[in-house]
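First to last, the protein sequences are chains X and R. Per this note's numbering, residue 33 is the first one in the first sequence, and the count goes up by one each step. Per this note's numbering, residue 34 is the first one in the second sequence, and the count goes up by one each step. Think of the CB as a built atom: it goes at the ideal place given N, C-alpha and C, for glycine as much as any other residue. Predicted model only: the values in this text are computed from it and were never measured.
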Amino acid sequence: MVPTALNAAASDVSGAASDTLVSIEGLSVDFDTGRGTVHALRDIDLEVPRGKVLGLVGESGCGKSTLAYSLIGLLAENARVAGGAIRMGDQDLTRLGPAAWRDLRGRRIAMIFQDPMTALNPVTTIGQQMLDIQYRDKTGRAAKRARAIEFLEQVQIPDAPAKLDVYPHQLSGGMRQRVCIAMALLTQPDLLIADEPTTALDATLEMQIVSLLRDLQRKFGCSVLFVSHHLGTVAELCDEVAVMYAGEVVEYGGARAIFHTPRHPYTQALFDCDPARIKEATRNLPTIPGTLPDLRQPPPGCAYRARCPHGWARCEREHPPLYAGAAEGQQIRCHLADPEEGAA
Amino acid sequence: MSLLEVTDLRVRYARQGRLRAALRGETHDFEAVSGVSFSIEAGQTLGLVGESGSGKSTIARTLIGLKAPASGSIVFDGEEVASASARDWARLRREMSMMWQDPVGSLSPRLTVKSLITEPLRIHGRKADRDEAERLLGLVGLPCEYAARYPHQLSGGQARRVGVARALALDPRLLIADEPTAGLDMSVQGEVLNLLNEVQQRTGVAILVITHNLNLVRHVTDRMAIMYLGRFVEEGPTARIFEHPRHPYTKALLCANPEPDPDARGERVTLSGEVPSPVNRPSGCDFHPRCPWARDACKTQEPDWYIEDDRGHRCMFPL
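Structure below.
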């Protein structure tokens, strides 16, 4: 059954603190390629709420991983922040030098990657890697070891002390991902970024890891940025959801509002394509015809215009801003949500 | 008579440490597929579902002759293929074809789409001209100008279509599709599945779909089989299994693929533990260490295959 053997009282932080941990203001990221500049992120405004789980949803090429990587300063060599700021406390993360990043990464911001095999060092034991990550602490080896064991137990790895001596290849995929989660939480970061952490896992393990993440997030009270294309896990885990398309946030809101009353035509089409939502068995599954726009030359109007069944002349002409939706905090980048259009 | 009839198929793989095992007088291999029986009718789609290591891809590799079975029989259109010679296989592979899991990786990066899709025709000494290439491109809904492109110029969905065209080039009677939508975006998955359905309606090809994605199975298959540790735990008409799973593992898999709704949180069976290794099978029922409903008998007694009407399951205390 659901492994909820965490003994410490789960402190419910969902209502207590509603302020913002990280504030992304007008962030644009470009990639310089041999065939031109790709405007991968354009004018992103997003707040990562403190002590909550924010889900980033979208299909390949929508920029969700680029956004996640820009929050931990791990963008590729050819990437460039073309504008905007990422504010955390009184720092602007887009202006940090390598030394300042080293001080933040693994301490205040940690990350879990998609593939737990390549995220761990194959030639070093789990224990050594978990000790290495505590290099900042002035405590002795025994204390660091004890802390490593404590966190392996937190992620429900059986027989934790013995696991310190094994190599990554001796563990199954699910166990490796648990080790990665333990290592990410070891330093008690303020922000945990999880980039498709369950994609490489089997279905029954996927749900185990998602409920583990949920329990640990409640317990440690950190903020989580959960990047996924799997709507089922996002609905299961996230408090707030941002839907991305072609380098923009097209819809944002509470998980319930997004899943129950999606307003942006792309969000609606994406949800319609999820076979898990189609109750009757059908041999004719819905798809989204057309392709992503070329992000070297993003269209002047709405990025979804070419594939949208509702578009009209205004969408061609005018880039839609984020309009407020009916639900609290819901924002939609679509002229259909313009209150003045609605009156017509 | 069924198009494909598999009876008590067993496939073994060698384990590492062959020498040490031999010295100790132990067996050094294990059964990846352990007594599986099923059949596929012409024009029908069977879904084979299971997690990694359940043996579903091993079955595919055995069916198409890339791995020899240890025992059991595979009868395709009245002909035993488990003992087929290389010469027999050349003929059989025209009748059965495979769609590989990795859409781009299974296409040679140095060949154009035209050579890729006509390659099976060339190998089997058939006409492989431009008309044939255009016919195949039309079959999978790609414009003719794609004939000159290379795999790196294709999107994931288009590469899948090329894979389908290659698999259908020789008009096979059985198509084995290994994870046909793995790695595809949701908006494109439907495209590939609709294409397979369409092709089946037009050509009457039988399809074996191998996947871990239950939602896919629900929409495209007539019957489905759920595998665990190299054995079927349940098999039957897809709609009936979804309506009422009898085996606890089927139930858990159905719960692990939930409808995305924040209000439905926590109403599901979540399994603890992980899939055991087929090298070290649990005693009694394979599934008992993870089964939320396991009783004492499950720990010692191996369940039989129980048949009810047109479906079967391997559980002594079905749901």
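With DSSP collapsed to three states, give me the class of F303(X). Along the first sequence, read from residue 1 onward, the residue named residue 303(X) stands at position 271. Looking at F303(X) - three-state DSSP - the assignment turns out to be helix.
Given this structure, state the Cα-to-Cα distance separating Q363(X) from R339(X), to the nearest angstrom. Taking the first sequence and counting its residues from 1, one reaches residue 363(X) at position 331. Taking the first sequence and counting its residues from 1, one reaches residue 339(X) at position 307. About 21 Å.
Helix, strand or coil at I355(R) [DSSP, three-state]: Outside the shown range of chain R, which is 34 to 352, sits residue 355(R), and nothing can be said about it.
For my contact list, G205(X) and P148(X) are in at a C-beta cut-off of 8 Å; report their separation, rounded to the angstrom. One-based indexing of the first sequence puts residue 205(X) at position 173. One-based indexing of the first sequence puts residue 148(X) at position 116. That pair is a contact at about 6 Å.
Using a beta-carbon distance below 8 Å, is H367(X) in contact with chain R? Here the question's residue 367(X) lines up with position 335 in the first sequence. Not an interface residue.
Kindly confirm or deny that the segment 228 to 247 of chain R and the segment 312 to 320 of chain R touch, where touching means at least three C-beta pairs closer than 8 Å. The segment 228 to 247 of chain R, when compared against the segment 312 to 320 of chain R, does not touch it at the 8 Å Cβ threshold.
Determine, using beta carbons only, whether T314(X) and C305(X) come nearer to each other than 8 Å. Working through the first sequence from its first residue, we reach residue 314(X) at position 282. Working through the first sequence from its first residue, we reach residue 305(X) at position 273. Cβ atoms of T314(X) and C305(X): not closer than 8 Å.
Against chain X: residues of the segment 216 to 235 of chain R by CB proximity under 8 Å: D218, M219, S220, V221, Q222, G223, E224, L226, N227 and N230
Specify the secondary structure class of L79(R) as computed by DSSP and reduced to three states. For the purposes of this step, residue 79(R) is taken as the residue at position 46 of the second sequence. Reduced to three states, the DSSP call for L79(R) is strand.
F63(R): first and last residue of the uninterrupted alpha helix (DSSP H) it sits in: Your numbering for residue 63(R) matches position 30 in the second sequence. That residue, F63(R), is in no alpha helix (DSSP H); its beta strand (DSSP E) goes D62 to I73.
Give me, in chain order, the residues of the same chain whose beta-carbon lies closer than 7 Å to that of Y261(R); leave out the 5 immediate sequence neighbours on both sides. Translated into the one-based positions of the second sequence, residue 261(R) becomes position 228. Spatial neighbours of Y261(R) in its own chain (CB-CB distance under 7 Å, excluding positions within 5 residues in sequence) are listed in chain order as G83, S87, Y282, D319 and F320.
Between the alpha carbons of S118(R) and A65(R), how many angstroms are there, rounded? Position 85 of the second sequence, counted from the first residue, corresponds to residue 118(R). Position 32 of the second sequence, counted from the first residue, corresponds to residue 65(R). Those two C-alpha atoms are separated by around 23 Å.
Neighbouring residues, chain X, relative to H245(R) (Cβ below 7 Å): Translated into the one-based positions of the second sequence, residue 245(R) becomes position 212. Within 7 Å Cβ-Cβ: D234 and A235.
Strictly by DSSP, which residues pair up with T65(X)? As a first step, residue 65(X) is located in the first sequence; it is residue number 33 there, counting from the start. According to DSSP, which records beta bridges pairwise, T65(X) is partnered with G68(X).
Using only the alpha-carbon positions, how far apart do Q166(X) and E228(X) sit? Here residue 166(X) is taken as the residue at index 134 of the first sequence, counted from 1. Here residue 228(X) is taken as the residue at index 196 of the first sequence, counted from 1. When rounded, the distance between both Cα atoms is 25 Å.
CA-CA distance, M143(X) and L128(X)? Start at 1 with the first residue of the first sequence, and residue 143(X) comes out as number 111. Start at 1 with the first residue of the first sequence, and residue 128(X) comes out as number 96. A straight line joining the alpha-carbon of M143(X) with that of L128(X) spans about 18 Å.
With H, G and I counted as helix, E and B as strand and the rest as coil, what does DSSP make of L368(X)? To locate residue 368(X), count along the first sequence from 1; it is residue 336. Helix, per DSSP.
Whole angstroms are fine: how far does the CA of I209(R) sit from the CA of A93(R)? Your numbering for residue 93(R) matches position 60 in the second sequence. Your numbering for residue 209(R) matches position 176 in the second sequence. When rounded, the distance between both Cα atoms is 7 Å.
Counting only the same chain and skipping the five closest in sequence on each side, list residues whose C-beta sits under 7 Å from that of R348(X). Stepping through the first sequence from its first residue, residue 348(X) is reached at position 316. Here residue 348(X) is Glu; the residue named in the question, Arg, does not match the sequence. Cβ within range, chain order: G333 and R337.
Does any CB atom of chain X fall closer than 8 Å to the CB of A75(R)? Residue 75(R) sits at position 42 when you count from the first residue of the second sequence. It does not; no Cβ of chain X falls within 8 Å.
Flag F291(X) as yes if its beta-carbon sits less than 8 Å from any beta-carbon of chain R, otherwise no. Within the first sequence, the letter at position 259 stands for residue 291(X). By this cut-off, F291(X) is an interface position.
Quick one: is M276(X) buried, meaning 16 or more other Cβ sit within 10 Å of its Cβ, or exposed? Position 244 of the first sequence, counted from the start, is the residue given in the question as residue 276(X). Buried.
Would you give the residue range spanned by the alpha helix (DSSP H) that L228(R) belongs to? As a working note, residue 228(R) is residue 195 in the second sequence. That run of the alpha helix (DSSP H) goes M219 to T236.
List the residues that DSSP assigns as beta-bridge partners of R163(R). Locating residue 163(R) in the second sequence gives position 130, where the first residue counts as 1. None, per the DSSP bridge assignment.
Less than 8 Å between the beta carbons of T78(R) and D255(R), yes or no? Here the question's residue 78(R) lines up with position 45 in the second sequence. Here the question's residue 255(R) lines up with position 222 in the second sequence. Yes, the pair counts as a contact, with Cβ atoms nearer than the cut-off.
Cross-chain neighbours of S85(R) in chain X, by beta carbon under 7 Å: Counting from 1 along the second sequence, the entry for residue 85(R) is found at position 52. Chain order gives the chain X residues near S85(R) as D234, where near means a beta carbon separation below 7 Å.
By the DSSP assignment, the alpha helix (DSSP H) with G206(X) in it spans what residues? Stepping through the first sequence from its first residue, residue 206(X) is reached at position 174. Start and end: G205 to L217.
Between the C-alpha atoms of F145(X) and D162(R), what's the straight-line distance to the nearest angstrom? In the first sequence, the residue the question calls residue 145(X) occupies position 113. In the second sequence, the residue the question calls residue 162(R) occupies position 129. Those two C-alpha atoms are separated by around 47 Å.
Ordered along the chain, which non-local residues of its own chain (more than five positions away) have a Cβ less than 8 Å from that of E113(R)? Locating residue 113(R) in the second sequence gives position 80, counting from the first residue. Around E113(R): S106 and I107.
When you compare the segment 255 to 265 of chain X with the segment 220 to 238 of chain X, are there three or more beta-carbon pairs, one atom per stretch, that lie closer than 8 Å? yes
When DSSP labels each residue in this structure, what does V54(X) get in the three-state scheme? Within the first sequence, residue 54(X) is the residue found at index 22, counting from 1. DSSP places V54(X) in strand when its eight states are reduced to three.
If you measure between the beta carbons of F291(X) and P293(R), is that distance less than 8 Å? Within the first sequence, residue 291(X) is the residue found at index 259, counting from 1. Within the second sequence, residue 293(R) is the residue found at index 260, counting from 1. Contact flag set, yes.
Exposed unless 16 or more other CB atoms sit within 10 angstroms - verdict on M219(R): Counted from its first residue, the second sequence places residue 219(R) at position 186. Answer is buried; the Cβ neighbour count reaches 16.
Against chain X, with Cβ distances strictly below 8 Å, would V253(R) count as a contact? Taking the second sequence and counting its residues from 1, the one referred to as residue 253(R) is at position 220. At least one chain X Cβ lies under 8 Å of V253(R).
Under 7 Å Cβ to Cβ from Q209(X), same chain only, skipping five residues before and after it: list those, please. Here the question's residue 209(X) lines up with position 177 in the first sequence. Once the five neighbours on either side are set aside, the close Cβ partners of Q209(X) are P148, P229, L233 and I241.
Using a beta-carbon distance cut-off of less than 9 Å, what residues from the segment 275 to 295 of chain R approach chain B? This model lacks chain B altogether; the protein chains it does include are X and R.
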